[in-house]
Structures are given as C-alpha cells and as structure tokens.
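Under the working numbering, the first residue of the sequence shown carries the number 6, and numbering increases by one thereafter. Note that beta-carbon positions come from the ideal geometry of N, C-alpha and C, so glycine has one too.
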Amino acid sequence: MSSRGGRKPGQYLRTGSLCRRGWRDSYPANPGESRSSKTIRSDRGERRMSESIWNRIEESRSRHNVLEHPFYVRWSAGELTEEELARYSGQYRHATEALAKLCADTAERAPEAQRAEIELHTAEEQGHIALWDGFVEATGGEIGAEPTSETADCVRDWTTQGSYIEALAAMYAIESGQPEISRVKREGLAEFYGINGGAGSEYFRVHETADEAHAAENRRMIEQAMEPGDEDAIVASAESVFKANLRLLDGVG
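Structure follows, in structure tokens:
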C-alpha cells in the first residue's frame, strides 16, 4: 500500500499533543531510594532493578506512537469514511483475539504463584472480544474478515514471544497504552461518526479504565520475575508490539 503524502514506511507525523503521559510517572521512587533504581523483593530475595527499563519502553512508545499514525490522526479529525471505519473494525478484531491468546500463552508459561492471576486476566480478554464485536456491528464491519498481510504480521508478533518475561513485556506494552488510545478513539466516534454510547463504544469505555489495572499487574509481575540481563529482551519485546500495531494500521489506512 502506498503511503499518503510521501510518507515513508515507518515514518509518522509527530503531534506532541497526542503523546501520552509515561506510565513510569505513576510509579515514583520511594523517598529513600534513587529514582534510577528500586528494590525488588521476591521469594528469590532482594535485588536492585534499574528504572531505566520503564524509561526505555516509554521512549520506544513515543517513537512508535500509534496515535500519530495517519489513520488515527484522520480518525480524530473526522476524516475517515464509513468504509474505512468498517474495514478497520474487522481487521482490529484479530488484534483483540491476539491479545487474548497472548494472555493464555503467558499463563501457561507462568510460575504457579502467578498463573491463576493471568488466567483470570485471560478470561477477561476473551470476554472483551464480544465487546469489540459490538463496535464491528455498529460500523457495518465484518466479524469474520480475512486478515490483511499487515494484520497477520501484527497477530504473529503479538503472539510469538520467546519467554515468560518477554510475553509479560508484550502484555504490558499493549495494555499500558490502551487507556489513552481508547479514550481518543471513543471521543472521535462520538464527535464525528455517530457512535456515542451503547454497544458501539462499550469496548473503548471499558478499556479506558480496565487496562490501567492490567498494566499495573503486568509491571509488578515483570519486576518480580526480571533477572539481571533481561532488560534488553523486555524492551525489544515491547518495541515489537508497538511496531506491529503500526503495521496493522498501514493495512487499513
């Protein structure tokens, strides 16, 4: 698919007003600790963890900010056609399924102490697919739409994680961005596309708040499981998620 306005693949308009507040701001350092590190206590003892990992994830999110993709910029400007919105709803449904699968696969890899919590999380995400279907129906989209090659790439990258810690990082990367992304999309739907409340916007309303808790849980489990030397793999996993989401949007807009 050719890029609009001479945009090269992977290049997106920088719109500072859409850049999200970093999740690291919600986790201030303890008064007696340096902001560059914190003490992690687990059943394996006490160790120091660099705060730079969260900074690096947020820097990657900023470089690959989906809200700066032309498709979402046009969404927020009221410029999408009915056909584009319907096509998007059918394609992103595959991403909602991919997140549920990622959670299920992560639960299978999880230590016993965390498994039940992630299984509960998985059940929630599986239930959210039906919420998304309310949006698909509101836009006239196709629930069984064949994935584009870009969507298939996104599903593959979201669900192919090499280790438990990398899978947690992928979950964190997806869910920590959802509150703001969902709010922006819901507001655009209400203002420009006649979808204001009801089944058509319920998915977005739920994710404005639910994923705050999910992301905090994911972060806590990463901090508990992380070992020295894991930081680069965690950041790489998060970045792969951000890039994959952009590719999906390339395929619909």
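CA-to-CA, the gap between A218 and R225 works out to about 11 Å. Taking A103 as the centre and dropping the five residues before and after it, the same chain places the C-beta of C159, V160, W163, T164 closer than 8 Å to its C-beta, in chain order. H74 carries a coil assignment under DSSP once its states are collapsed to helix, strand and coil. Nearest neighbour of G182 by Cα position, chosen from N70, H133, V240, turns out to be N70. Its chain contains I123, H126, T127, E130, M176 as the residues whose beta carbon lies nearer than 7 Å to that of C108, once the 5 sequence neighbours on both sides are disregarded; these appear in chain order.
Between T101 and A172, the C-beta spacing is not below 8 Å.
Going by C-alpha positions, K248 is about 15 Å away from I186.
By the criterion of a C-beta distance shorter than 6 Å, A174 is surrounded in its chain by I239, S242, A243, once the five residues flanking it on both sides are discounted. DSSP places T165 in the coil class of the three-state scheme, outside both helix and strand. Each of Q166, L136, D255 was checked against the Cα of S245, and the nearest Cα belongs to Q166. CA-CA distance, A115 to A230, rounds to 10 Å. Cβ neighbours of N201 within its own chain (closer than 6 Å, five residues either side excluded): A195.
In this model, A82 and P233 are separated by some 45 Å (Cα to Cα). One alpha carbon belongs to A105, the other to F140, and they sit about 18 Å apart.
Setting aside the 5 residues that flank it on each side, A91 is surrounded in the same chain by T144, G145, G146, each with a C-beta closer than 7 Å to its C-beta; the list follows chain order. In the structure shown, M176 adopts helical secondary structure according to DSSP, grouped into three states. A Cβ-Cβ contact shorter than 8 Å links E236 with I58. Rounded to whole angstroms, P75 and E117 show a C-alpha spacing of 43 Å.
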